[in-house]
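A.B. asks: Here's a structure for you.
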Amino acid sequence: MPKYDLVFAPPVMNAAGSLGFSPKSHHPLLQGGLGAFVTNPISLGQRTPANQRICMEFDRGFLLHSGHPNPGLSSVIRRYAASWQGTRIPVIAHLLGQSAQEVQQMVRRLERRVGVSAIELGLANDCTPAAASELIQAAQGELPVILRLPLEIAIMLGEALQVAPVYAFSLGAPRGSMNQAKGGLVHGRLYGPGLFPLALAITERLAKGVVPVIGAGGIYQPDQIETMLAVGATAVQLDAVLWRLGW
Amino acid sequence: MRIVEGRVREVREIYGGRAAVIACPARSVPAPGQYCLAVSEQAILGIPLFLAESLSDGFLASPPIPSDWQPGMPLRLSGPLGKGFHLPQNILRLALVAAGDSAACLLPLVNTDLAKQTAITLFSKIPQPDLPVYLEAYPLTSLSEFSHWADFLAIDLPEERMGWLEELHAILGQTNLHGQVLVHSAMPCGGLGACGVCAVPVGRKWKLICSDGPVFDLASLLERS
Chain A
900 MPKYDLVFAP
910 PVMNAAGSLG
920 FSPKSHHPLL
930 QGGLGAFVTN
940 PISLGQRTPA
950 NQRICMEFDR
960 GFLLHSGHPN
970 PGLSSVIRRY
980 AASWQGTRIP
990 VIAHLLGQSA
1000 QEVQQMVRRL
1010 ERRVGVSAIE
1020 LGLANDCTPA
1030 AASELIQAAQ
1040 GELPVILRLP
1050 LEIAIMLGEA
1060 LQVAPVYAFS
1070 LGAPRGSMNQ
1080 AKGGLVHGRL
1090 YGPGLFPLAL
1100 AITERLAKGV
1110 VPVIGAGGIY
1120 QPDQIETMLA
1130 VGATAVQLDA
1140 VLWRLGW
Chain B
23 MRIVEGRVRE
33 VREIYGGRAA
43 VIACPARSVP
53 APGQYCLAVS
63 EQAILGIPLF
73 LAESLSDGFL
83 ASPPIPSDWQ
93 PGMPLRLSGP
103 LGKGFHLPQN
113 ILRLALVAAG
123 DSAACLLPLV
133 NTDLAKQTAI
143 TLFSKIPQPD
153 LPVYLEAYPL
163 TSLSEFSHWA
173 DFLAIDLPEE
183 RMGWLEELHA
193 ILGQTNLHGQ
203 VLVHSAMPCG
213 GLGACGVCAV
223 PVGRKWKLIC
233 SDGPVFDLAS
243 LLERS
C-alpha cells in the first residue's frame, strides 16, 4: 500500500450522502466515534434537486431519488472548509465528476485545503473499467483516492481494477425501480437492511483482492460491522442507519 | 441533537385520520409547525410528528401516523426540529388554510395567546371533523371571497400540492401576501444528511423542508411560482 498514512480508528465512517457536508459533533454515533467523515457528493458546479424527488419504502428497505443536489465545489469549500480543518477525524470529500477533466479540477482545488484527507470518487452504475480508470488517473495527486463501486457492478469493476492506483474500494448503493401509486416507475438508490446479505457477499469477494475494501450496504445492527470486518473489510461505511437516531 | 425516549400512549381516530398521543419530555414537544422525528424499533426510517395539541406529559401528534403504531410502542425522538409558525403580534384576522387532508397542524395556533385578540377562520380542502365549536370553518373554494379579510394566512400544504400556490397567488394578488406555509414532505434524513428529497424552490434558491422549514414565508414561496 500506498504512500499515504490514512488510518480509520475506529474502522467505521458514514457513507456519502448520509450526514451532510461537515461532521456534526452532536450526532450519537459521532459521540461513540467515527474513524472518518465522508461528505455528501460534491460536483464541480451546482446541482439542483431532481424534478421528481422521492423516498419510497419497500419491505426491508427504501428507494431514494434526489439528484444529489449540492451547491458546487466552490460553495462547499467556502461554507465548510473551516469545519473540516477543525475536525479531529479524516474528512473524505466525495466527488461527482462528469468527466476526467472535472475530477482533476476538483482534486487540485481540494489538495490545497487543509482538512481534506482523501477523495472518494463516485461512479455511475453503468461505468466501465476504462471509464473508471480514466477518472482514477485524473484524481491522482497528493490525496489518496477511494473508488466507490456501485454495488451491482462492484465485482466486475473491482476485479478489473486490481492494479489501479487507489487507496481502497468502497461500495455504493445499488439502483432499483418501483411502481408508483399514480402509475409509472420511479428509479433511485436502494438502502435498507435487506441489502446486507448482498453487500456482505460482495465485500467478502472483493476483500480477496489486493485493494483494501471498505464494506457498506444495509448495515443496521452493530454486530454487522464486526461481520463485515471479519470477512476482510478494512473499514465499513454506515448509510441510512444513521438517520434512525441510533441502532 | 437531543434524542429522548418516548412512547405511544394512545392511538385516536381524530382530525380526519389516525393520530397518536405521544408521551415524552416537555422539552421535546414541537411548537406549531415544527416537528419531532420519531423512530420506532422496527422502522427503517423515522417519520416527522407535528403538534396537533399540547398535553401535560407530551403531545397529540397530528395524523397520519404509521398503521403499525400501537399503544405502548417505544419511540426514539429527536426534536423539536425545524422552523415553526411565528405569527406577528398585531394581526386581527387570521385565516387558517388547510390545503391538504387535515387541519390538525394548524389547530394549535387557535390555542395561542394571539387567538384571544384575533378573529380566526379555517378554510379547508375537505370538511374537517373534531373542530373547536368556536372556530368558523369554510370550504377552501370560498377563500377568494375572503381574500381581503385576512391580515395573515397560516397555510398547511403537502409538497405535492405546491402548484396550488399559483391559484392562491391569483386570488390574493400582489398586495396581500402576508403569511406562512407549513410544507409537508417525506424527510427521510430528518435534517441529518441534506439528502435533498425534501428540497423545495424558495425564491431563486432551493431550500430543505427538514432544516430550512418546514414553515416558510408565503411571499418567498410565491416568488418561485
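Chains A and B are the protein sequences, given in the same order.
Note that the working numbering has the first sequence beginning at 900, numbered continuously upward.
Note that the working numbering has the second sequence beginning at 23, numbered continuously upward.
By construction, the Cβ of each residue, glycine as well, lies at the ideal position given by its N, Cα and C atoms.
Fair warning: this is a prediction, and the values are worked out from it, not measured in the lab.
1. Under a three-way DSSP split, which group does B/A172 fall into?
2. DSSP state of A/K1107, grouped into three classes?
3. Listing by chain order, which chain B residues have their CB less than 7 Å from the CB of A/W1142?
4. Based on Cα-Cα distance, which residue from B/A221, B/L240, B/C217, B/V30 lies nearest to B/W186?
5. Roughly how many angstroms lie between the CA atoms of A/M900 and A/P1064, to the nearest whole one?
6. For B/V30, would you say it is in contact with chain A, using Cβ-to-Cβ distances shorter than 8 Å as the test?
7. Put B/N133 into one of helix, strand or coil per three-state DSSP.
8. Within a Cβ cutoff of 7 Å, which residues of the same chain sit near B/L82, ignoring the five residues on either side of it in sequence?
9. Quick one: using the 10 Å Cβ neighbour count with 16 as the cut-off for buried, is A/K923 buried or exposed?
10. Would A/V906 and A/I1124 qualify as a contact pair, given that the criterion is a beta-carbon distance under 8 Å?
11. Could you run through the region 1064 to 1083 of chain A and flag, in chain order, every residue whose CB is less than 8 Å away from some CB of chain B?
12. Quick test of your reading: B/P47 and B/V26, contact by CB under 8 Å. State the CB separation rounded to the nearest angstrom.
13. Evaluate the contact criterion for the region 144 to 164 of chain B versus the region 205 to 224 of chain B: three or more CB pairs, one atom per stretch, below 8 Å.
14. Look at the alpha carbon of A/D904 and the alpha carbon of A/G1040, and state the distance between them as a whole number of angstroms.
15. Runs of 3 residues minimum, wholly inside the region 151 to 214 of chain B: which ones carry the beta strand (DSSP E) assignment?
16. Where DSSP assigns a beta bridge to A/H993, which residues make up the other side?
17. Between B/P180, B/A141, B/G195, which lies nearest to B/S166 when the distance is taken from Cα to Cα?
18. Which chain B residues sit within Cβ distance under 8 Å of A/I953?
19. Specify, as a first and last residue, the run of the beta strand (DSSP E) that A/Q1136 falls within.
20. Against chain A, which members of the region 97 to 113 of chain B pass a CB distance test of less than 9 Å?
21. Run through chain B and tell me which residues come within less than 8 Å of A/N950, C-beta to C-beta.
22. Is it right to say B/N112 is buried, meaning 16 or more other beta carbons lie within 10 angstroms of its own, or is it exposed?
23. Please report the straight-line C-alpha distance between A/A1115 and A/L994, rounded to a whole angstrom.
24. Give the interface partners of B/L59 over in chain E, defined as CB-CB distance under 9 Å, in chain order.
25. Whose CA, out of B/L103, B/P85, B/A126, lies closest to the CA of B/R49?
26. Classify A/S1076 as helix, strand or coil using the three-state DSSP reduction.
27. Provide the residue(s) that pair with B/T143 in DSSP beta bridges, ordered along the chain.
28. Does A/L918 have its Cβ less than 8 Å from a Cβ in chain B?
29. To which residues of the same chain is B/R24 closer than 8 Å at the C-beta, ignoring the five residues directly before and after it?
30. Short of 7 Å Cβ to Cβ, which residues in the region 222 to 241 of chain B face chain A?
31. Near A/W1142, what residues of its chain come up, given a Cβ to Cβ distance below 6 Å and the 5 sequence neighbours on each side ignored?
32. Which bits of chain B does A/S942 rub up against, with CB to CB less than 9 Å?
33. Assuming B/A172 contacts B/L116 under a Cβ cut-off of 8 Å, what Cβ separation, rounded to an integer in Å, is found between them?
34. Can you pull the chain B residues whose beta carbon is under 9 Å from the beta carbon of A/L1137, in chain order?
35. Evaluate contact between the region 1045 to 1058 of chain A and the region 1088 to 1107 of chain A, counting only Cβ atoms and requiring at least three cross-stretch pairs below 8 Å.
36. Buried or exposed: A/V969, going by 16 or more other Cβ atoms within 10 Å of its Cβ?
C.D. replies: Judging by the given coordinates:
1. coil
2. coil
3. For A/W1142, the chain B residues whose Cβ falls inside 7 Å of its Cβ are L67, G68, P210, C211, G212, L214, G215, in order along the chain.
4. B/L240
5. Any answer about A/M900 is weak, because its pLDDT of 40 lies below 50 and its placement is not dependable; what the coordinates show is given next. Distance between the alpha carbons of A/M900 and A/P1064: 9 Å.
6. No, because no Cβ of chain A sits closer than 8 Å to the Cβ of B/V30.
7. helix
8. A41, V43, A74, E75
9. exposed
10. no
11. none
12. 6 Å
13. no
14. 14 Å
15. 158 to 161, 174 to 180, 201 to 206
16. A/E1019
17. Nearest C-alpha to B/S166: B/G195.
18. A208, V219
19. Unbroken beta strand (DSSP E) run through A/Q1136: 1134 to 1137.
20. Within the region 97 to 113 of chain B, R98, L99, S100 place their CB atoms closer than 9 Å to a CB of chain A, listed in sequence order.
21. The contacting residues do not exist; A/N950 stays about 11 Å from chain B at best.
22. Under this definition B/N112 is an exposed residue.
23. 18 Å
24. No chain E is present in this structure, whose protein chains are A and B.
25. B/L103
26. strand
27. Answer by DSSP bridge pairing, in chain order: B/A117, B/E158.
28. yes
29. R49, S50, S100, G101
30. W228
31. none
32. Result: empty, since nearest Cβ-Cβ is about 12 Å, beyond 9 Å.
33. 7 Å
34. Per Cβ cutoff of 9 Å: no residues; A/L1137 is ~11 Å from chain B at best.
35. yes
36. Correcting the residue identity first, residue 969 of chain A is Asn in this sequence and not Val. By the 10 Å Cβ count, A/N969 comes out buried.
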